[in-house]
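Undergrad: Take this structure first; my questions come after.
Protein chains in written order, with the working numbering: chain S, 127 to 240; chain R, -17 to 95.
Structure, rendered in structure tokens:
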């Protein structure tokens, strides 16, 4: 079963606005990752935040993690039409053993209007 | 170019046929996995491997087999294709601790008729 659940399922904004996407999860994690998928393409890794981190930045991306609420948010500032894509959060249960794995949510569809 | 290579990109199968989806990576990643992506379902893990000779089942393993004889290759075999296996399949790899995130292939779009 899926661990992460993104919210909202779809988001439409104007170019230049900020986009905020949320992810909630159920069990303890080692880290949480966000990915982007352009239509018809594979997923691209955007950013990873570890369970002992609260906030991380990468260019126009800002991700936060609240382990007490089991939630994360991804903020894209000053959005561009090229940011139009699906965004997925993925939770990693950690470790290097045979049972460790990355579990994806169902994704958020972001549309940025020019 | 370094990365994850999946072949074929598109495939149509008849019900009952078998086939192998190929996945190869040249980044010396220990960890490899197969996901299927269906509309409204996100990505679901089929099988994964933490190294050569080691594989394990994910969330939806039925109807699929894998093996990992080398670090580079992780083929996915459909034993007897069913229409329910119509999907887009993605292979992904990473270092064993997955700390740098996954590198995904471009996918195989499979239709079973």
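Every residue, glycine too, gets a C-beta built ideally from N, C-alpha and C. Note that the coordinates shown come from a computational prediction; the quantities given were computed from them, not determined experimentally.
Which residue from R:-10, R:-4, R:13, R:89 puts its Cα closest to that of residue 49 of chain R?
TA: In the second chain, residue 49 of chain R corresponds to position 67, counting from 1. The residue with the shortest Cα to Cα distance from residue 49 of chain R is R:13.
Undergrad: Distance, Cα to Cα, residue 78 of chain R vs residue 11 of chain R?
TA: As a working mapping, residue 78 of chain R is identified with position 96 in the second chain. As a working mapping, residue 11 of chain R is identified with position 29 in the second chain. So the alpha carbons of these two residues sit roughly 7 angstroms apart.
Undergrad: Using a C-beta to C-beta distance shorter than 7 angstroms, which residues of chain R count as neighbours of residue 218 of chain S?
TA: On the first chain, residue 218 of chain S is found 92 positions in, with the first residue counted as 1. 80, listed in chain order.
Undergrad: For residue 83 of chain R, which of S:216, S:236, S:233 has the nearest alpha-carbon?
TA: By one-based count along the second chain, residue 83 of chain R stands at place 101. Residue 83 of chain R has its Cα closest to that of S:216, out of S:216, S:236, S:233.
Undergrad: Between the C-alpha atoms of residue 130 of chain S and residue 160 of chain S, what's the straight-line distance to the nearest angstrom?
TA: Reading the first chain from its first residue, position 4 is the one you call residue 130 of chain S. Reading the first chain from its first residue, position 34 is the one you call residue 160 of chain S. Using only the alpha carbons, I get a separation of about 11 angstroms.
Undergrad: Residues bridged to residue 157 of chain S by DSSP?
TA: Locating residue 157 of chain S in the first chain gives position 31, counting from the first residue. Partner(s): S:176, S:218.
Undergrad: Assuming residue 59 of chain R and residue 44 of chain R are in contact, meaning their beta carbons sit under 8 angstroms apart, how far apart are those beta carbons, in whole angstroms?
TA: In the second chain, the residue the question calls residue 59 of chain R occupies position 77. In the second chain, the residue the question calls residue 44 of chain R occupies position 62. About 13 angstroms separates the two Cβ atoms, so there is no contact after all.
Undergrad: Whole angstroms is fine: what's the gap from residue 209 of chain S's alpha carbon to residue 94 of chain R's?
TA: Here residue 209 of chain S refers to the residue found at position 83 of the first chain. Here residue 94 of chain R refers to the residue found at position 112 of the second chain. Their Cα atoms are separated by approximately 33 angstroms.
Undergrad: Report buried or exposed for residue 183 of chain S, applying the criterion of at least 16 other Cβ atoms within 10 angstroms of its Cβ.
TA: The count along the first chain starts at 1 and reaches residue 183 of chain S at position 57. Classification of residue 183 of chain S: exposed, given that the 10 Å Cβ count is below 16.
Undergrad: Secondary structure at residue 51 of chain R, three-state DSSP: helix, strand or coil?
TA: Taking the first residue of the second chain as position 1, residue 51 of chain R is located at position 69. Here residue 51 of chain R sits in coil by DSSP.
Undergrad: So what's residue 175 of chain R in DSSP terms, helix, strand or just coil?
TA: Residue 175 of chain R lies beyond the residue range present for chain R, which begins at -17 and ends at 95; the question has no answer from this structure.
Undergrad: When the Cα atoms are used, what is the spatial distance from residue 192 of chain S to residue 180 of chain S?
TA: The count along the first chain starts at 1 and reaches residue 192 of chain S at position 66. The count along the first chain starts at 1 and reaches residue 180 of chain S at position 54. Roughly 7 angstroms separates the two Cα atoms.
Undergrad: Would you identify the three-state DSSP class for residue 8 of chain R, choosing helix, strand or coil?
TA: The residue labelled residue 8 of chain R in the question sits at position 26 within the second chain. Note: residue 8 of chain R maps to coil in three-state DSSP.
Undergrad: What is the DSSP secondary structure of residue 79 of chain R, counted as helix, strand or coil?
TA: On the second chain, position 97 is the one that residue 79 of chain R refers to. If DSSP states are grouped into helix, strand and coil, residue 79 of chain R belongs with coil.
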